[in-house]
Amino acid sequence: MDLNKKFTPETWPDHPEKATLEAKNKFVGFWLFLGGETILFATLFATYVALKNSGPSGFGFSTQELYELPLVFVMTMLLLTSSLTSVFAMYHLRNYNFKKMQLWLAITAFLGLGFLMLEVYEFSHYVKLGFTYNNSAFSSAFYTLVGTHGFHVAVGLVWITLLIFRNAKRGLNLYNATKYYTFSLYWHFIDVVWVFIFTVVYLMGVVG
Amino acid sequence: MSSVAQKKGFGATLWDWLTTVDHKKIGILYFLGGGFFFVVGGIEAMLIRWQLHKPNNDFVSAGLFNDLITMHGTTMIFLAAMPILFGFMNAIMPLQIGARDVAFPFINSLGFWMFFFGGLFLNLSWFFQQVPDAGWTSYASLSTASEGHGVDFYAIGLQIAGGGTLMAGINFLVTIINMRAPGMTYMRMPLFTWTTFVASAMILFAFPPLTVGLFFLTFDRMFGGNFFDHTMGGNTIIWEHIFWIFGHPEVYILILPAFGIFSEIFSTFSRKRLFGYPSMVFATVLIGFLGFMVWAHHMFTVGLGPTANAIFAVATMAIAVPTGVKIFNWLLTMWGGSITITTPMLYALGFIPSFVMGGVTGVMQGAAPLDYQLHDSYFIVAHFHYVIVGGVVLGILAATHYWWPKMFGTMLNEALGKVTFWFFFIGFHMTFLIQHWLGFWGMPRRVWTFMDGQGWNSANFISTIGAFLMAIGVIVLVYNIIVTSVKNVKVANDPWGDGRTLEWAIESPPIYYNFPATPLVRGLDTVWIEKMEGNETGITAAEPIKDIHMPNGSIIPFLMTFGLFVAGFGAMFRTEHAWGLPVLILGLLWTFLMMGARSLKDDTGYYIKKDEILRDLKRKGGQK
Amino acid sequence: MAEIQVYKRTPAEQKLAQRRAKKSMRDQVMMFSLMIFLTLVSFSMVVAFEAGVAGFSKFFIIPMVMLFAAVQVGLQLYYFMHMSEKGHGIPQMFMYTGALLGFLIPLTFVTIVWW
Amino acid sequence: MMKGLKKWRLFSLLAVLTVFLAGCGQEELSTLLPAGQVGKDQFNLLLLSSGIMLLVIIVVVAIYLVALVRFRRSKLGEDHIPEQVEGSHTLELVWTIIPILLILLLAVPTVYYTYKLGDVTAMGAVDDDGNAENLVVDVTAKLYWWEFEYPDLGIVTAQELVVPMDEKVYFNLIAADVKHSFWIPAVGGKLDNNVENVNKFYLVFEKDSSELKDGVFYGKCAELCGPSHALMDFKVKTMPRAEFDNWVAAMQASGDNQVVANPAGEEVFKQSCIGCHATSGVGESGAVGPNLATFGDRNRVAGFMDHTKEDLIDWIKYTQKHKPGNKMPEFADQLSDSELDALAEYLMGLSVEK
Ligand code: HEA
Ligand code: HEA
Ligand SMILES: [Cu+2]
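Protein chains in written order, with the UniProt record's numbering: chain G, 1 to 208; chain E, 1 to 624; chain S, 1 to 115; chain Z, 1 to 354.
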């Protein structure tokens, strides 16, 4: 494929993310990967549910007292919004509007970064309270579940940052359109997982 | 890049294999790597059997024995059986669907190297004298209590290898979904392709739990996690659940491709279309699905309570039905056919009674109250070797003979093949049949030795003899392979004469772009159809010959995995050596660097020009 | 990377395409509002529970928030991840299988295989 | 029967056959000679399932052989092209439905017995005076030995389980260190000793162990638990209820009127062993080492060595050689030969049965 082939909004394909065979492969392959990730998180959730609130004798933490709902609410809003901004970015991808796409992706990245920083703050807050990773089975399960999600966010951030810089000079082409598109799928998936985290971990944790 | 056998120096050849992204070469790499580990695992089995050939034997120590069974089980399942099957999938499946390559050649190579380095990592534990010793199941409480780094080798090694497996699975799935030749609908796919598909789907859903479980184990052992520490509120049963949520599907991941292999062989050597093809496909999918619903049948004695036990017992038994459908369809494929007993067919014929015997003992174990007696006894050892050796290993040996000419361009000696079969087959039944009774007679599994006077002596002795007969069989096979490769008599496209699927319509071994022109598929067993209609080449092109796009080779997969391998050592020795942490960080950094290198570069492959293809064709004497 | 056919849309087609894109964009913003709304309701129910408002029992809230979560996931998948568009048969199949298994595993953990 | 087999040298078909026919194993540890209701239920299930499975195998092999004989290319000719049959719905239906029926036939008793054998509701039952109606034994599995506490009787023993016949005996199972599994093959199926939760089940003993070869049933650990997993055997003595009551009384008295076969040995014991081992059968579980009140009555040293003074001394001297990884220190350097001798004599004298 000629990477330098120039497109106009009129010649840009309807579905740039799967215009070539390689792109189609990546597209399907990434979806399948997300299917596998579902099970990965399901296992983490199952473990968390089985271990929540359990610690050594005299263990003093419970989901009811620990979690900070307002903080979680803000984090949720950030991540949900970043989902929308990445949708905007994909809109511009389909319109062959590279600048705007990059811009929205950058906004997405910033929102994600905000989320991540709040998560770091949340964790460090719990650690200060004495709820460390090694403190109990509950804490291990909690940090591993939420932390794995956080790790995914971090990976997403690195990924999109690399993409934004790598393609700044190249502009949009059919080779990197798929890269952007799979990133956005990934980002939405992270959001999906978070929906379950705030529901199962935080909300149901507070309700008991 | 050209396949033309130019004279190359050793360095160039090595470089070629390290950087290859050609699915046929990666297939061969998998086959060789898996074959090597099969011999390693087999030698471990021989040591196990020798230790148990008489009561109170002290050939190996108690600790070493546990090392041996753990490494035998782990090696055979993760590093021998699965990779060898991946080898065939890689080498053959794309040919069967008329594809030029797999969907992700780069990831394919990455998957192989991760398997290989993971396996290497695991087996280096022997040189550190800290070997995994908690059984291939590594049940927590024992695995968290195990001293030294043995279990760390297990957790990290399998983590690396498992990552490779997941990649391979996704790669096969996308290949089958997107790269089928025109006309190759799902319901025209050869059964081996179908079983590859279902097994890969199972990998996709079964390996993430293993990943999670291994992380838990690693965290608990190395980073102060408490998942399995009950004094800290943890629970060891979680490991058992997670392991078997992975572990049970895993056994079907092993057997389904073997089913696929036998389906091809039965119909080829009965010269008959596979009987009940749609129900075969349906049964495969159903087995794959049910495989996820029965994991707790390994845990009947854990004390989950009667309700869980009853539900999982019935679900387990249900799997007998689709499996039976397959068995009877194979029998009916032979029925009314024209059966010729070649070596592959001989293995297929040996498979039927052996596997059925193993399958039905599985159903017996599924009867929960009966399993209270059978669980963790030698009956279980007998069951799973009947299905694994009688199913998977016979399948692997059959495929080795069946597809050898396609992979290497020369035929294994048929007579030696039959010698291998008879030694292996007789030895196999001798080893494992008697073990059912050992189980009945109260012999637990995983015992390092046994006291005299319990009535187990002769049975164990017989079992050991059988194991050595198997070893003779394998040695004959190795001899056969060496002799054949030295002689290297080239064969034609379809040396068996009865080939039905697309791989038999191209030369052996296929040229690196497989098909000069993409084939058109007009039905199930397309080559057979073409031949019956008088098309001697067995293939109709779907399009005119034109430029072919090919992927570039790359050394990055190898380097990337090497970083992980190094990081693994760093992680393990982090607390006791000063170099641990830096090595861990450097290793991971290196890996990320390689990932960055991959992602920053535009790698769009290259084109083979039409002229070159035409030249190749002319040289071969004008394939259409 | 096989050559792709480049097709130049006529101005009319281009307009249509843009209108369609805009329309789907509007849908997505709608769905986003819905998601935010559901999230708000979920959180407020729990806040109400904490404040001891009558009628907000655990047995009401837990199914409700789970239901809302499921709806949100559906919205993400079908609108944001375009699973409703054609060519998503395979992704759907695998995501559903994943979701089913991903539902069953935790389910067994809270019911039969745990104590 | 087995003695004859031991002399077996030649590899011959006959020998193989004999083993199959010998088939039932030894009374004290074979699941094929069940000595109690639980084991019998399981054995019945074994018979039923084996019958079904045999039928399946026979049918498959029959079709297989006929096909193999009738449809050989050597018979049909090189050029024979068979008809390319696609399948048959009738046949498909047949071999779907018949296996389903066979499975149902097995599933019904399976579910029934699962609930029956899992029923421990009677465990906590008490009579009008508040006394437990059923015998309950708390089993704690440790590296690599077994502790048996009778909580309602106030006694504890180790390595040899003593139970009355012909009544349900209930067990509470737990592990003290790593996971183990409690299995008395001849009496009934196993249940795991988990580290974090108590497992409950019951067994019924219907045969007097004094009629057996060694006077005991063999019990096994069925879960890999470390290097000496293979050596973690225990023994089971069954006896009529009256005899059992006598044994209980003797155990309850064992603290006060101990037999001291060798006073010098007792001294050694008090200096070196008493930190871990008790010699009174009265007490609770949780000891570091096995309770030795019944040592003289036992059948094996450390669960698997011969019950002789020589083996006992050897054991005390070289515990790690005999049972790698176990928690008892070696006394080869600590105790002199004469001390060991006295100690062994003392230990062999500890008994509640005489
Ligand atoms: C390739 C590997 C493989 C395969 C295919 C199977 C197939 C089956 N397995 Fe097996 N199994 C293992 C590998 C495998 N297993 C391993 C490795 C272990 C031990 C792990 C460990 O603990 O280390 C194990 C352990 C194991 C257990 C746990 C035992 C225990 O530890 O207590 C159980 C219990 O239910 C079981 C059941 C089954 C069943 C019901 C099938 C079924 O799929 C079999 C179905 C096939 C047939 C039934 C035959 C053909 C059918 C017909 C001809 C139709 C008519 C039949 C009837 C009506 C019955 N297996
Ligand atoms: C794919 C899986 C697989 C395969 C193929 C095998 C193959 C064999 N296995 Fe085993 N086995 C397991 C998977 C497998 N096994 C598992 C999972 C366990 C449980 C582990 C655990 O408890 O944790 C187990 C456990 C196990 C035990 C029980 C150990 C115990 O519980 O104490 C025994 C004992 O007999 C045994 C024996 C054998 C034998 C004799 C073979 C034979 O079929 C092997 C045949 C192969 C050879 C004989 C190769 C020999 C080659 C040579 C000798 C080389 C010649 C070399 C050159 C020419 C270079 N295996
Ligand atoms: Cu299983």
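Don't be surprised by glycine CBs; every beta carbon is placed ideally from N, CA and C.
- Annotation for His92(G): the continuous alpha helix (DSSP H) segment containing it runs Leu69 to Arg94.
- The alpha-carbon separation between Leu588(E) and Gly563(E) amounts to approximately 6 Å.
- Straight across, the Cα-Cα distance linking Gln102(G) with Ala23(G) is about 20 Å.
- Annotation for Trp239(E) indicates a beta carbon at 7 Å or more from all heavy atoms of ligand 1.
- A Cβ-Cβ separation of about 12 Å leaves Ala302(Z) out of contact with Leu292(Z) under the 8 Å criterion.
- Residue pairing by DSSP puts Tyr218(Z) in a beta bridge opposite Lys235(Z).
- The beta-bridge partner set that DSSP reports for Gly156(G) is empty.
- Inclusion of Leu95(E) and Ile506(E) in the CB contact set at 8 Å is warranted, their separation being smaller than that value.
- Linking Tyr139(E) to Gly111(E) through their CA atoms gives a straight-line distance of about 27 Å.
- Only those residues of the segment 10-28 of chain E whose C-beta falls short of 9 Å from the nearest C-beta of chain S would be listed, and there are none.
- Using a Cβ-Cβ cut-off of 8 Å, Arg94(G) counts as an interface residue toward chain S, since at least one Cβ of chain S sits closer than that to its own.
- The three-state reading of DSSP puts Ile339(E) in strand, counting E and B together.
- Annotation for Tyr202(Z): no alpha helix (DSSP H) segment contains it, though the beta strand (DSSP E) segment containing it runs Asn199 to Val204.
- In the displayed model, Asp311(Z) falls within a helix according to three-state DSSP.
- As for any alpha helix (DSSP H) of minimum length 4 sitting wholly inside the segment 381-467 of chain E, the runs are 394-408 and 414-440, ordered along the chain.
- For Gly189(Z), there is no enclosing alpha helix (DSSP H); the enclosing beta strand (DSSP E) covers residues Gly188 to Asn193.
- Considering only Val151(E), Leu254(E), Phe262(E) and Phe440(E), the residue with the shortest C-alpha distance to Leu214(E) is Val151(E).
- Within chain S, the residues placing a beta-carbon under 7 Å from that of Phe292(E) are Leu101, ordered along the chain.
- Counting only unbroken stretches of 4 or more residues, the alpha helix (DSSP H) elements lying wholly within the segment 70-120 of chain Z are 73-76 and 89-117, in sequence order.
- In chain order, Leu32 make up the part of chain G whose C-beta sits under 7 Å from the C-beta of Leu173(E).
- By the CB criterion at 8 Å, Gln258(Z) and Val282(Z) fall outside the cutoff.
- Judged by the Cβ position, Gly33(E) fails to qualify as a neighbour of ligand 2 at the 7 Å threshold, every heavy atom of the ligand being at least this far.
- For Phe266(E), the closest of Val294(E), Phe228(E) and Thr340(E) by C-alpha to C-alpha distance is Thr340(E).
- Contact check between the segment 434-443 of chain E and the segment 460-473 of chain E: three or more CB pairs, one atom from each, fall below 8 Å, which counts as touching.
- Beyond the five residues adjoining it in sequence on each side, Lys54(E) comes within less than 7 Å, by CB distance, of Asn457 and Phe461 in the same chain, given in chain order.
- When C-beta atoms of the segment 38-56 of chain S are compared with those of the segment 62-75 of chain G, three or more pairs fall below 8 Å, so the two segments count as touching.
- By the neighbour-count definition (other C-beta atoms within 10 Å, threshold 16), Gln37(Z) is a buried residue.
- Of the candidates Leu67(S), Phe94(S), Gly55(S) and Ile105(S), the residue whose Cα lies closest to the Cα of Met35(S) is Leu67(S).
- Residue pairing by DSSP places Ala132(Z) opposite Val126(Z) in a beta bridge.
- Only Ile90, Phe94, Thr97, Gly98, Leu101 and Leu104 from the segment 79-104 of chain S bring a Cβ to less than 8 Å from some Cβ of chain E.
- At a cut-off of 8 Å between C-beta atoms, Glu10(G) counts as an interface residue with respect to chain S.
- The beta-bridge partner set that DSSP reports for Arg300(Z) consists of Asp306(Z).
- Assignment of Thr540(E) by DSSP, reduced to helix, strand and coil, places it in the strand class.
- Along the segment 302-324 of chain E, the positions whose C-beta sits under 8 Å from a C-beta of chain S are Leu304, Gly305, Thr307, Ala308 and Ile311, read in chain order.
- At least one heavy atom of ligand 3 falls within 7 Å of the beta-carbon of Val294(E).
- Taking non-hydrogen atoms of ligand 2 into account, the C-beta of Trp136(E) is found less than 7 Å away from one of them.
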